[in-house]
Each structure stands twice: as structure tokens, then as C-alpha cells.
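Remarks on the structure that follows.
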Amino acid sequence: MRVFISGIRGFLGRHLARHLSECGYQVAGTTTRIEQVDAGERIFPWRFGSDVSQDWLRGTDIVIHCAHDFAGSLDSNLSGTRALVTAARAARVPRQIFISSLSARADAESQYGRTKFTIEQRLAGADLLIVRPGTIIGGGGLFGRMCDMLARFPVLPLVGAGQNSMYLIGVSDLSRAIERILRREPPATFNLYYAQTPSLKQVLQQVKRLTNRRTLLVPVPPPLIAAALTAADWLRIRLPMDRDNLRGFMKSQRQIYETHLPAILEQPQTVEQALTAVLPGAAGRATALKPSGPA
Ligand SMILES: NC(=O)c1ccc[n+]([C@@H]2O[C@H](COP(=O)([O-])OP(=O)(O)OC[C@H]3O[C@@H](n4cnc5c(N)ncnc54)[C@H](OP(=O)(O)O)[C@@H]3O)[C@@H](O)[C@H]2O)c1
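Okay, so the sequence shown: first residue is 98 according to the numbering used here, each after it adds one.
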């Protein structure tokens, strides 16, 4: 079976490509960083706004849309994704998966959530499967940036008292779940996160322990964090979270889609196992998630 992944060199795209190759799929895809592609790899240079060649998609059984321009507008993400969806339909690719987000909602407060929801709506079709992962535990994305900050700074702000729930999925469980979903009949939508939803504080404490960090977590009210993120944005200081992430995170506390993960994977990892699998040096320090205590 031939799979084509847009954003194949990104955090999720890379893991997914490796997992699907190990399962026996022939994998191809796109990247914006063509200079990093080895001769012989079926990876094509593509950036939203540029042409999609029908040749790339010939014989493809499924296209997985992982590419997302986090700095780009709704319009550029929509038109870029649409170009690939349309080319795949013209090439008679029978199935496509759009990697969306749990924040995709009609009433999303974040631009990211509105963008994902708009793409879901505008590109819907009889061939489209939608996957909405929770925050992905692994060495990239928002989770990876949070871990980098824990490693670099002795003191970090904690949103509110850190009691907000986290909707998480390990990158290897997500790759396994997508491999199952690509054999499902479209159209369908799958929300993928663990039934265990620890608080932000519990997760950060567990990461600290597993990586042997002593970072002090200082509770800061969300409006103050929002003001600091606005200032950082003005000063062009790149932080692991921006105002849009914060809006999405706060909204997710009020409304959440039900998870389909138990119906897709018989034995998903626990959050602790997923953390241990991706954090360097964590094996051996693992115990169950501790109840929330002082940060
Ligand atoms: N990480 C999470 O926690 C999480 C949670 C839910 C959903 N998702 C979704 O999962 C997908 C992958 O996210 P990720 O965490 O793996 O992020 P990522 O590492 O930043 O990957 C994004 C990918 O999009 C490609 N891309 C960026 N701008 C592009 C443009 N203008 N034109 C074409 N391609 C472009 C990048 O290509 P190059 O690498 O070649 O530059 C990259 O491979 C995204 O759709 C994201 O919304 C992620």
C-alpha cells in the first residue's frame, strides 16, 4: 500500500513515516526543506502556494495531510491543503486523512482551532477521514517545546494553578492508531487522546522527575501570562506557547470531544509509559503519576 504524507519531515510526519515503513507501507511525501532529502527518497519539495504534481501521487492509496504552517494564515493553510486534496482527488487517490486538532470547533477562540475547523468543513468529502489528536507526547510540537523550557530554565510560570486537564497521546500510539484508521471507511472523524487526563501540573512534575530537573514552577494567573505572551510577541521573543496556544488551552477546559482511542487501540500506553518512552534517560525513574502537590 502506498502512502503519501505532506510535512513528512515534521515531528509527526517523521514518526508516522517510520512507523508505516516498518509496517510494510511504501511511503512518500513533501517537505519545504528539500536540501535535507537524500537521493533516492521519494520526498518532493512543496510549500503551500506552489504547484502539486500529479506524478507525485500516481498509484497512491492514501494521502495524509500533516503539513501545517503554524505562522501562516487561515487562508494559506486552507488553500495549501486544498491544493493537495484536489490533486489527490484528480489522481483518483481513494482515501485521505486530514490531521486536525481537538481545538477544531465552530466557536474556537484560537486562530489555530478556527483554521483546522474551516479546513475540516471546506474539504470534507466521501474520501476524507479526519484525525484530531490531543497534545502529542514526543520530541517536537508543543510538548517538546515545554520539555525544552524545563531543561533550560530554573524557574517557569505555570498557567493558573496548573489544574487544567491535558488531553494527551504518545507519538507512537498516535502512529499506530493512524495506521488502523487508514484502513477505515471514510468519511469519519476520530478524536485521539488518552482516557487518563492529568493536570498540566502533574504532567510537568512527572517530566521534571523523569528528566531529573529541579525547575521551580510558579503559578501565574492566565491574564498575566496572556500579557507576558503579548509582550514577548511584540519583542519577537519565541516562547514554547503563544497567545493562540493559551486561548486554545483555556477553551479546551470547557469543551472537549469524546475520545475514540479505546475503540481504535486495544492496549494504548499509559501517560506515564508514553512520557518514559520519549524522555531521554527516563527509563528507570518511572512511577505512576503523582497526585498534584505544591509546584
Ligand atoms: N504536535 C502536536 O501536539 C499536535 C497536536 C494536534 C495536531 N497536530 C497537527 O499535526 C500536524 C503535524 O504537526 P507537528 O507537531 O508535527 O508540527 P511540525 O513539526 O511543525 O510539522 C509541520 C509540518 O508542516 C510542514 N509545513 C510547514 N509550513 C508549511 C508550508 N508553508 N507549506 C508546506 N508545508 C509546510 C513542515 O514541513 P518541513 O518540515 O518540510 O518544513 C512540517 O513538516 C499538524 O497538522 C498539526 O496541526 C499536532
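All residues carry an ideal CB built from backbone N, CA and C; glycine is no exception.
Integer Cβ distance of residue i from residue j, believed to fall under 8 Å
| i | j | result |
| --- | --- | --- |
| residue 309 | residue 229 | Their Cβ separation, rounded to whole angstroms, is 34 Å, which puts residue 309 and residue 229 out of contact at 8 Å. |
| residue 281 | residue 226 | 6 Å |
| residue 375 | residue 236 | 6 Å |
| residue 154 | residue 190 | 6 Å |
| residue 105 | residue 140 | 6 Å |
| residue 263 | residue 294 | 6 Å |
| residue 321 | residue 252 | That pair is no contact at about 15 Å. |
| residue 238 | residue 108 | 5 Å |
Paired residues, beta bridge with residue i - DSSP
| i | result |
| --- | --- |
| residue 127 | 141 |
| residue 285 | 226 |
| residue 296 | 262 |
| residue 312 | The partner list for residue 312 (beta bridge, DSSP) is empty, contrary to what the question assumes. |
| residue 193 | 160 and 225 |
| residue 253 | 314 |
| residue 233 | 266 |
| residue 275 | DSSP lists no partner for residue 275. |
| residue 99 | 123 |
Check: residue i C-beta below 7 Å from any heavy atom of ligand 1
| i | result |
| --- | --- |
| residue 145 | yes |
| residue 107 | yes |
| residue 180 | no |
| residue 164 | yes |
| residue 269 | no |
| residue 196 | yes |
| residue 237 | yes |
| residue 230 | yes |
| residue 216 | no |
| residue 128 | yes |
| residue 110 | yes |
| residue 233 | yes |
| residue 167 | yes |
| residue 240 | yes |
| residue 104 | yes |
| residue 210 | no |
| residue 345 | no |
Cβ-based neighbour list, residue i, same chain, cut-off 6 Å, excluding 5 preceding and 5 following
| i | result |
| --- | --- |
| residue 360 | none |
| residue 177 | 145 |
| residue 389 | Unreliable placement is indicated for residue 389, whose pLDDT of 47 sits below 50; no coordinate value is reported for it. |
| residue 192 | 159, 224 and 283 |
| residue 379 | 307 and 373 |
| residue 122 | 98 and 100 |
| residue 366 | 267 and 270 |
| residue 143 | 127 |
| residue 377 | none |
| residue 336 | 329 |
| residue 286 | 227 |
Cut-off 7 Å between Cβ atoms - residues of its own chain near residue i, not counting five sequence neighbours on either side
| i | result |
| --- | --- |
| residue 316 | 255, 257, 258, 259 and 392 |
| residue 347 | 319 |
| residue 117 | 100, 124 and 276 |
| residue 201 | 210, 213, 214, 217 and 229 |
| residue 240 | 232, 233 and 234 |
Cβ neighbours of residue i in the same chain (closer than 8 Å, five flanking residues each side left out)
| i | result |
| --- | --- |
| residue 340 | 323, 326, 327 and 330 |
| residue 157 | 99, 100, 101, 125, 185, 188 and 190 |
task: Could I get the ranges of all uninterrupted alpha helix (DSSP H) runs contained in the stretch 315-380, with 4 residues as the minimum, in chain order?
output: Correct list: 319-331, 340-349, 358-361 and 368-375.
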